[in-house]
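In this note's numbering, the protein residues as written are 1 to 516.
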């Protein structure tokens, strides 16, 4: 028997920026599709026109491309199942809604907003746990189940506003096997008669989702846990439409949780914590409010994908760094967690640091050039290469190389007081003075290894151990007590600048100690 090719879809709504949870959903779909030799579709679910946000669709496309998630069929790529925007498929949904009505599996509901509100109030007053439009309450409402055929036809003829609701049968168990959670069983009494077609003729998510997944040949629906309560309804729709035998398999992914693990991760958490949860920066077209993006904050796309992939899944080993190819090879649903995954941005920063270390220096240099130019600092590629060599392994982000290197361009005018009190003493003054004199007479290449030999020889002649004065020397040159390789710093600064900084320190640090 021929195996059905795997086809998955990522189906976001263009209502704003793409949340990290949505990005992870797209990533897991992509990993599974590629592993199985299948196809990845992008479908824009824009049936709720009231929530449509201009620019959101373009944002989604750019975000997926930045992360390396390749789309086989979609609004940009086209494909045999076009169009891939639900708003452009409006007419085809009507056919299936009408079919469900003809077969007695759906009905017209003419209830006004006031009638629906009255129903909810009655149920709340009666202390009904869930105020639902269901097998019991629908018989008290204005719909084609309580109206005669003639009354229903007259209302339709006169243009009365209506919706089409799904007719849920009572006393029925709905079962499906989730690839992550195992068998899920829900009683039909827990499901209300959801609206399938709205009064404006647009389908709701429920109808459009099922129709499109069927017509597009989707074999696996991989989506967030928040859709798990809707899954029984979708199973019923497949059954009602006669598509149960080709119904896709479901996999409901765990939630992304706040950094403390208490509750679902939100934009507010990101704003308060000062970290991004969106792949790209987003500017609200109405308010102008900006939200941080991983890309603009300096995260590398491969590092971001690796970080998100491990939020809810692991390979069953101690390995943490995975290329996209490795993720594709190793991904499996049996290692996706059921419990929510805590969003630890510090771990995300660590991932970025690891990927930055692996990045080619030439690529880092090209990224650094405009960052330095923005600070009106012009450097040659050779100088940039020295700075990258000095700092690349010490930072989490490329932009931090700039901020961490500013001491190279401005001599310190203040010095760490704690280090000064502990390390700036007579022995340090003698050592720095002796080194300054030695440097004035030094005519060799001012390279790191030559500088080290000069310092060692000078300290040996003064009877001072190098280990005792290195922190004082660093303080004199940078103003701080800790930092990257001091010999490379001196090489980058050059002999003239080093001598000048040593002279400044001898004058200023002694005064600072006296004032303290």
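The beta-carbon is built from N, C-alpha and C at its ideal position, and this holds for glycine as well. Being a predicted model, the structure only gives us computed values, none of them experimental.
Note that the segment 244-264 touches the segment 210-221; at least 3 beta-carbon pairs, one per stretch, sit closer than 8 Å. Beta-bridge partners assigned by DSSP to residue 424: none are found. Under DSSP, residue 105 forms no beta bridge with any residue. Judged by DSSP secondary structure, residue 122 falls within the alpha helix (DSSP H) whose first and last residues are 113-125. Residue range 7-10 is occupied by the beta strand (DSSP E) that includes residue 7. In this structure the segment 412-419 does not touch the segment 387-397; the number of beta carbon pairs closer than 8 Å is below three. DSSP places residue 487 inside the alpha helix (DSSP H), whose first and last residues are 486-493. Residue 145 and residue 96 do not touch by the CB rule: their CB atoms are close to 20 Å apart, not below 8 Å. Between the alpha carbons of residue 438 and residue 454 lies a distance of about 8 Å. The residue among 286, 308, 361 with its C-alpha nearest the C-alpha of residue 29 is 308. DSSP places residue 216 outside any beta strand (DSSP E), giving it a letter other than H or E. If the five residues before and after residue 199 are omitted, its C-beta is found closer than 6 Å to the C-beta atoms of 161, 163, all from its own chain and listed in chain order. With the rule of 3 Cβ pairs closer than 8 Å, the segment 360-377 does not count as touching the segment 259-268. Assignment of residue 187 by DSSP, reduced to helix, strand and coil, places it in the strand class. The Cβ atoms of residue 63 and residue 300 lie no closer than 8 Å to each other.
Secondary structure note for residue 174: its beta strand (DSSP E) is the uninterrupted segment 173-178.
Comparing alpha carbon positions, the residue from 233, 24, 66 closest to residue 341 is 24.
In this structure, residue 466 lies near residue 456, with their beta-carbon atoms less than 8 Å apart.
Taking a C-beta distance under 8 Å as the contact criterion, residue 194 and residue 233 qualify as a contact pair. Approximately 7 Å separates the beta-carbon atoms of residue 237 and residue 206; this is inside 8 Å, confirming the contact. Within its own chain, the residues whose Cβ lies closer than 7 Å to the Cβ of residue 4, once the five positions on either side in sequence are excluded, are 219, listed in chain order. Residue pairing for residue 252: DSSP places it in a beta bridge opposite 223.
Checking the DSSP bridge columns, you'll see residue 182 partnered with 178. Residue pairing by DSSP places residue 23 opposite no residue, since no beta bridge is assigned to it. Straight-line spacing of the CA atoms in residue 113 and residue 239 works out to 30 Å. Membership of residue 247 in any beta strand (DSSP E) is not indicated, and neither H nor E is assigned to it by DSSP. Contact between residue 338 and residue 254 is confirmed by a C-beta separation of about 6 Å, below the 8 Å threshold. Between residue 328 and residue 35 a beta carbon distance of about 5 Å is seen, short of the 8 Å cut, so the two are scored as contacting. One thing to note: residue 502 has its Cβ no nearer than 8 Å to the Cβ of residue 472. Distances from the alpha-carbon of residue 212 to those of 84, 76, 120 put 84 closest.
With 16 or more other Cβ atoms inside 10 Å of its own Cβ, residue 306 counts as buried. Shown here for residue 293: same chain residues with a beta carbon closer than 7 Å to its own, the five before and five after excluded, namely 276, 278, 279, 280, 281, 282 in chain order.
By alpha-carbon distance to residue 272, the top candidate from 368, 291, 369, 98 is 291. Under the criterion of beta carbons closer than 8 Å, residue 459 and residue 431 qualify as touching, at roughly 6 Å. In the three-state DSSP reduction, residue 342 falls in the strand class (E or B). Ranked by Cα distance from residue 442, the options 351, 495, 179, 65 are led by 495.
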